[in-house]
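Student:
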Amino acid sequence: NAGVMQNPRHLVRRRGQEARLRCSPMKGHSHVYWYRQLPEEGLKFMVYLQKENIIDESGMPKERFSAEFPKEGPSILRIQQVVRGDSAAYFCASSPVQETQYFGPGTRLLVL
Amino acid sequence: AQTVTQSQPEMSVQEAETVTLSCTYDTSESDYYLFWYKQPPSRQMILVIRQEAYKQQNATENRFSVNFQKAAKSFSLKISDSQLGDAAMYFCAHRTNAGKSTFGDGTTLTVKP
Chain A
1 NAGVMQNPRH LVRRRGQEAR LRCSPMKGHS HVYWYRQLPE EGLKFMVYLQ KENIIDESGM
61 PKERFSAEFP KEGPSILRIQ QVVRGDSAAY FCASSPVQET QYFGPGTRLL VL
Chain B
1001 AQTVTQSQPE MSVQEAETVT LSCTYDTSES DYYLFWYKQP PSRQMILVIR QEAYKQQNAT
1061 ENRFSVNFQK AAKSFSLKIS DSQLGDAAMY FCAHRTNAGK STFGDGTTLT VKP
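Residue numbers (the numbering used here), protein chains in the order written: chain A, 1 to 112; chain B, 1001 to 1113.
1) Check this for me: beta carbons of isoleucine 1046 of chain B and glutamate 1061 of chain B, under 9 Å apart or not?
2) Under a three-way DSSP split, which group does aspartate 1026 of chain B fall into?
3) If you measure beta-carbon to beta-carbon, which residues of the stretch 19-36 of chain A are closer than 9 Å to chain B?
4) In or out: lysine 117 of chain A buried (at least 16 other Cβ within 10 Å) or exposed?
5) Using the beta-carbon of each residue, which ones in chain A are nearer than 8 Å to glycine 1104 of chain B?
6) Along the chain, which unbroken stretches of the beta strand (DSSP E) at least 3 residues long are found entirely within the stretch 1054-1102 of chain B?
7) For the putative contact between arginine 84 of chain A and arginine 15 of chain A, defined by C-beta atoms under 8 Å, what is the C-beta separation to the nearest angstrom?
8) Tell me whether histidine 31 of chain A is buried or exposed, calling it buried when 16 or more other Cβ atoms sit within 10 Å of its Cβ.
9) Using a C-beta to C-beta distance shorter than 7 Å, which residues of chain B count as neighbours of glycine 106 of chain A?
10) Would you please verify whether the beta carbon of valine 1004 of chain B is less than 9 Å from any beta carbon of chain A?
11) With C-beta atoms as the reference, is glycine 1106 of chain B less than 9 Å away from glutamine 1002 of chain B?
12) I want to see whether chain A comes within less than 9 Å of lysine 1078 of chain B, judged by CB atoms only; does it?
13) Assign histidine 10 of chain A to buried or exposed, taking buried as 16 or more other Cβ atoms, counted over all protein chains shown, within 10 Å of its Cβ.
14) Report the option in A/Tyr102, A/Gly42, A/Ser87 whose CA atom is closest to the CA atom of serine 94 of chain A.
15) Step through the CB atoms of chain B and report whether any lies within less than 9 Å of the CB of tyrosine 90 of chain A.
16) Check whether the Cβ of alanine 1053 of chain B lies closer than 9 Å to any Cβ atom in chain A.
17) For arginine 15 of chain A, which of helix, strand or coil comes out of DSSP?
18) If you compare alpha carbons, which of B/His1094, B/Lys1112, B/Phe1064, B/Lys1073 is closest to threonine 1020 of chain B?
19) Out of A/Arg20, A/Gly3, A/Gln6, A/Thr107, which has the shortest C-alpha to C-alpha gap to leucine 78 of chain A?
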């Protein structure tokens, strides 16, 4: 059973471009969570999704950020018109029902 | 809202010795979960140990154990017989039944040979 997969592992964007981060949960997991980690800080909750539904997006910035978890395919975290402050590591986690979350390796986003 | 506080930004331990990492939290929930995660330089988040709040017995996982004091909202991690591979940043986390997790700012553990 493969773990949580995230791609790309590293992403470089220029200011104003769009960033798309993908997360494939572990097999059998229907719950996906996205977190952001700034350097030297802990993980900050962004959004919690189930298939085709956003359950809790209280940690998502109101503008430029969106997330989806379609019926088929990976979960996508989308950042439009990136700014330097978006540079961070973005982690995805998945869980079966509402149990222990297992983390992916993260995507390191660098905005130039 | 939940908060998690790790009051020790850095800790060090001699190889084979025991170290305890502190964590306190604040929550209005009566039922929740607590976790310790390890983040080595690779930055992969690795689950170390988990505790259900309704269980009075402290969780144990090989050399890792917790001291869960629900009334005091304290959840410390004890690492026995420390190994060089234990060196990492350790994060304490609180998760509600609704699935939302709150993390502390982490403790960097150094293991001295």
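Just so it is clear, CB atoms sit at the ideal spot from N, CA and C, and this is done for glycine as well.
Tutor: On the basis of the data shown:
1) The count along the second sequence starts at 1 and reaches residue 1046 of chain B at position 46. The count along the second sequence starts at 1 and reaches residue 1061 of chain B at position 61. Result no, Cβ atoms of isoleucine 1046 of chain B and glutamate 1061 of chain B do not sit closer than 9 Å.
2) On the second sequence, position 26 is the one that residue 1026 of chain B refers to. Aspartate 1026 of chain B: strand per DSSP, three-state reduction.
3) His31, Tyr33, Tyr35
4) A question about residue 117 of chain A goes unanswered here, because the residues of chain A that appear run from 1 up to 112.
5) The residue labelled residue 1104 of chain B in the question sits at position 104 within the second sequence. Simply Gly42.
6) 1064-1069, 1074-1079, 1088-1096
7) As a working mapping, residue 84 of chain A is identified with position 84 in the first sequence. As a working mapping, residue 15 of chain A is identified with position 15 in the first sequence. With 8 Å as the limit, arginine 84 of chain A and arginine 15 of chain A qualify as a contact, their Cβ atoms being about 7 Å apart.
8) Walking along the first sequence from the start, residue 31 of chain A turns up at place 31. Counting Cβ neighbours within 10 Å, histidine 31 of chain A comes out buried, since at least 16 surround it.
9) Taking the first sequence and counting its residues from 1, one reaches residue 106 of chain A at position 106. By Cβ distance, chain B contributes Arg1043.
10) Against the second sequence, residue 1004 of chain B aligns to sequence position 4. Output row for valine 1004 of chain B: interface = yes.
11) Translated into the one-based positions of the second sequence, residue 1106 of chain B becomes position 106. Translated into the one-based positions of the second sequence, residue 1002 of chain B becomes position 2. Their beta carbons are not under 9 Å apart, which means glycine 1106 of chain B does not touch glutamine 1002 of chain B by this criterion.
12) Taking the first residue of the second sequence as position 1, residue 1078 of chain B is located at position 78. False, the Cβ-Cβ gap to chain A never drops below 9 Å.
13) As a working mapping, residue 10 of chain A is identified with position 10 in the first sequence. Exposed: under 16 other Cβ atoms inside 10 Å.
14) As a first step, residue 94 of chain A must be located in the first sequence, where it is residue number 94. The shortest C-alpha separation from serine 94 of chain A is found at A/Tyr102.
15) By 1-based counting over the first sequence, the position of residue 90 of chain A is 90. Chain B, which has no Cβ nearer than 9 Å to the Cβ of tyrosine 90 of chain A, makes this no.
16) Within the second sequence, numbered from 1, the residue matching residue 1053 of chain B stands at position 53. Closer than 9 Å: no.
17) Locating residue 15 of chain A in the first sequence gives position 15, where the first residue counts as 1. It is coil, neither helix nor strand.
18) One-based indexing of the second sequence puts residue 1020 of chain B at position 20. When only C-alpha atoms are compared, the closest one is B/Phe1064.
19) The residue you call residue 78 of chain A lines up with position 78 of the first sequence. One point to set straight first is that residue 78 of chain A is arginine, not leucine, in the sequence displayed. Taking only the C-alpha atoms, the option nearest arginine 78 of chain A is A/Arg20.
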